[in-house]
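Q: After the structure tokens below, expect a handful of questions from me.
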Amino acid sequence: MTRYETILNLGDDFIKLMGKNLIPVHVLDWKVYYEAYLKEAEILCKKYGRPKKTRAAGIVADDYKISERNMFYIISFMEGS
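First residue of the sequence shown? That's 3 in the working numbering, and the numbers climb one at a time after it.
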């Protein structure tokens, strides 16, 4: 199970844990960025017929005004276990 799946499984408890300072608030931002990346990757896959993960990461990084390197770190974090 990836970290992203774990966060999803927490549901409302995720927000409660952030409120108790057990989970850093920036993880919520990362969740939003990662979900935008997944959506963009799916759109590009349908358009080109194959995954365009690097392009998707770049588009999301531009949209949210973060560096591509940071976006790749977020993807790695969320897909890790």
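Where is the CB? At the ideal position from N, CA and C, for every residue including glycine.
Look at the alpha carbon of K54 and the alpha carbon of T8, and state the distance between them as a whole number of angstroms.
A: Going from the Cα of K54 to the Cα of T8 covers about 25 Å.
Q: When the cut-off is 8 Å and only beta carbons count, does D65 lie next to chain C?
A: The chain inventory of the structure shown lacks chain C, comprising one protein chain alone.
Q: Can you list, in chain order, the stretches of the alpha helix (DSSP H) that have 4 or more residues and sit fully within the stretch 14-48?
A: Those alpha helix (DSSP H) runs which fall completely within the stretch 14-48 and span 4+ residues are 14-21.
Q: How big is the Cα-Cα spacing for A59 and G51?
A: Going by the C-alpha atoms only, they are around 17 Å apart.
Q: Compute the Euclidean distance between the alpha carbons of E37 and G13, then round it to the nearest angstrom.
A: Between E37 and G13, the C-alpha separation is close to 15 Å.
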